[in-house]
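K.L.:
Right, I'll just put the structure down here and ask away after.
In the working numbering, the protein residues as written are 2 to 391.
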């Protein structure tokens, strides 16, 4: 019985040992190559016909120094491939144990190279070691100069006092840097400014395949009638041009003035009596003045009424005559007084003018005074005649 158990135990041990061996054989053996060549950017894209340089790193993982000879495979006819190190053309590089060295590979195509993708293999051979590394170079045809302008909101609305500000994006879609000149065409009475980062500019540099944001500011320096006005802006860079049409919708606004028919802001009135004063309310703005209310600031004890008291509408460039009925205080002393007359349109600003009103006293008291003086003179004269004879 013991012999049977011994045979079973021996068989189990043999089976376990065989399983471990098979498991170890199924796992790949981990090892590091003695020589490695690489570049961080193995696939490059360049402008057609341009010479391209790849920066290569060679690493020696062995315990002995290596002199590594370099070459490039799959070089097309007409191409030139050269290795450079320390400013010179080289064919080999010395790499110390467990260290690395850097070299550059310069690929120069022929003048008639076609657009496309070209593949090369960099090969390094040392003492009993070899390393390969594939690289790729794609040539694209050079894009012609091209500018593009875009605006987020092409139409803005405002009054003549509004600064219309347009957010414009200028794009250089070519493969060359350029200086872009900015030009604007606007109606008479419009002032156009270009601003970049808050500063006014007339031109700006624009790199290839990049974009810049600019503000186009439009101001009105005259009273422009209400309407829709187009503004053309252009960007010019060498042979490349781009244009954009912006729109300013000017709503207009009323602008009132208060004056007299003859231009003289003065009048006369008698104390305690109503006098009429003609007043002109004129709209010098670019939009109708609606529901114009008239009011006055007068001395204490005075009254001022208007006929009419409200003007329904004054079209642009038109005027309306109003009668101001002024009554000075009963005990107003003769002299000059100021009455301020105001006109305010609906939703607009109030405009005013100061009128000088000269107050006169009644002529009746003058007649009475003259009569009293005449009577007094007569009495004196009679007295002289009568008593003078005695």
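Glycine included, each C-beta is placed from N, C-alpha and C at the ideal position.
Quick check on residue 144: does DSSP put it in helix, strand or coil?
P.N.:
coil
K.L.:
Could you tell me the boundaries of the beta strand (DSSP E) in which residue 210 lies?
P.N.:
No beta strand (DSSP E) contains residue 210, which DSSP labels as neither H nor E.
K.L.:
For the stretch 290–338, list the beta strand (DSSP E) runs that are entirely contained and at least 3 residues long, ordered along the chain.
P.N.:
290–298, 304–308, 311–315 and 320–328
K.L.:
Exposed or buried, residue 44, counting other C-beta atoms within 10 Å across all chains shown (16 or more means buried)?
P.N.:
exposed
K.L.:
Where does residue 299 land, buried or exposed, given buried means 16+ other C-beta within 10 angstroms?
P.N.:
buried
K.L.:
Which same chain residues end up closer than 6 Å to residue 241 when comparing Cβ atoms and leaving out the 5 residues on each side of it in sequence?
P.N.:
146, 147 and 148
K.L.:
Given this structure, state the Cα-to-Cα distance separating residue 198 from residue 166, to the nearest angstrom.
P.N.:
14 Å
K.L.:
With C-beta atoms as the reference, is residue 322 less than 8 Å away from residue 279?
P.N.:
yes
K.L.:
Note down, one range per segment and in chain order, each beta strand (DSSP E) of at least 3 residues found wholly within the stretch 165–213.
P.N.:
Within the stretch 165–213, the complete beta strand (DSSP E) runs of at least 3 residues are 165–173, 179–186, 191–197, 200–202 and 204–207.
K.L.:
For residue 54 versus residue 120, is the C-beta spacing smaller than 8 Å?
P.N.:
Going by C-beta atoms, residue 54 is not nearer than 8 Å to residue 120.
K.L.:
Would you call the stretch 206–221 in contact with the stretch 171–186, where contact means no fewer than 3 C-beta pairs closer than 8 Å?
P.N.:
Judged by Cβ distances under 8 Å, the stretch 206–221 makes contact with the stretch 171–186, as three or more pairs qualify.
K.L.:
Of the residues 99, 51, 277 and 319, which one's Cα is nearest the Cα of residue 304?
P.N.:
Of 99, 51, 277 and 319, the residue nearest in Cα terms is 277.
K.L.:
Based on the DSSP output, what are the partners of residue 238 in its beta bridges?
P.N.:
241
K.L.:
Alpha carbon to alpha carbon, what distance is there between residue 204 and residue 100?
P.N.:
Taking the CA atoms as reference points, residue 100 sits about 52 Å from residue 204.
K.L.:
Taking Cβ to Cβ, would you say residue 245 is nearer than 8 Å to residue 169?
P.N.:
yes
K.L.:
Where does residue 247 sit, in a helix, a strand or coil, going by DSSP?
P.N.:
strand
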